[in-house]
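Asks:
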DNA sequence: GCCAACGTTGGC
DNA sequence: GCCAACGTTGGC
């Protein structure tokens, strides 16, 4: 199975790239996905070792901050059952969990974060989902060719 | 903070 | 099953 490529969005006010780098083992749970299309991608397509662009949304400018990888494949998101969580889903059934999450680990930081205007302007990035009107999906597949172009722009630096 | 886009809910 | 109302996302 060839490695696949993704873009995961996060609001840095909630959880930022720096938060991930500072986390234990530079790893976090990616809880809170509450969209069926994103859930299905996690369940059906997202595998250990897949590469992930970490994207900051709802900031100006939005930007890809670095590269992470999937280190644990889809499993039930416990917050769907926690009434105190903002991700609580009262209709989720413990016997048939509705919402899934994966774990991701930071791998390389971009020396030069690649912002949305740059993504939009680059002629080799036509068709990239995040630049399209209405691309609200929080888990997006990325074409290998697009991955290579963006990685080069970001000048990734291995985390030590 | 605004608001367009779009996903989900629920009455019928 | 339609679709209006509603809630959320996310760029600006």
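Numbering (this note's numbering), first residue to last: 159 to 318. Glycine included, C-beta positions come from ideal geometry on N, C-alpha and C.
Residues bridged to residue 268 by DSSP?
Replies: Stepping through the first chain from its first residue, residue 268 is reached at position 110. Residue 268 is bridged to 314.
Asks: Which ranges would you report for the alpha helix (DSSP H) in the segment 162–239 if only whole runs of at least 4 residues count?
Replies: 175–180, 194–202
Asks: Taking the beta carbon of residue 318 as the centre, do at least 16 other beta carbons fall within 10 Å, making it buried, or is it exposed?
Replies: Looking up residue 318 in the first chain gives position 160. Residue 318 comes out exposed.
Asks: So, helix, strand or coil for residue 275, using DSSP?
Replies: Here residue 275 refers to the residue found at position 117 of the first chain. Three-state DSSP puts residue 275 in a helix.
Asks: Quick check: does the Cβ of residue 214 come within less than 7 Å of any heavy atom belonging to the ligand HEM?
Replies: With respect to the ligand HEM, the structure offers nothing, as it holds no ligand at all.
Asks: What's the gap between the Cα of residue 117 and the Cα of residue 169?
Replies: Residue 117 is absent from the structure shown; the chain starts at 159 and stops at 318.
Asks: Exposed or buried, which one is residue 267 when buried takes at least 16 other CB atoms within 10 Å?
Replies: Taking the first residue of the first chain as position 1, residue 267 is located at position 109. With 16 or more other Cβ atoms within 10 Å, it is buried.
Asks: Apply the 10 Å Cβ neighbour rule to residue 224 and answer buried if 16 or more other Cβ atoms are within range, or exposed otherwise.
Replies: In the first chain, the residue the question calls residue 224 occupies position 66. By the neighbour-count rule (16 or more Cβ atoms within 10 Å), residue 224 is buried.
Asks: Verify whether the separation of the beta carbon atoms of residue 264 and residue 178 is less than 8 Å.
Replies: Residue 264 sits at position 106 when you count from the first residue of the first chain. Residue 178 sits at position 20 when you count from the first residue of the first chain. For residue 264 and residue 178, yes; Cβs fall inside 8 Å.
Asks: Enumerate in chain order the residues of its own chain whose CB-to-CB distance from residue 284 is below 7 Å, with the five nearest sequence positions on each side excluded.
Replies: Locating residue 284 in the first chain gives position 126, counting from the first residue. Excluding sequence neighbours, residue 284 sits near nothing in its chain.
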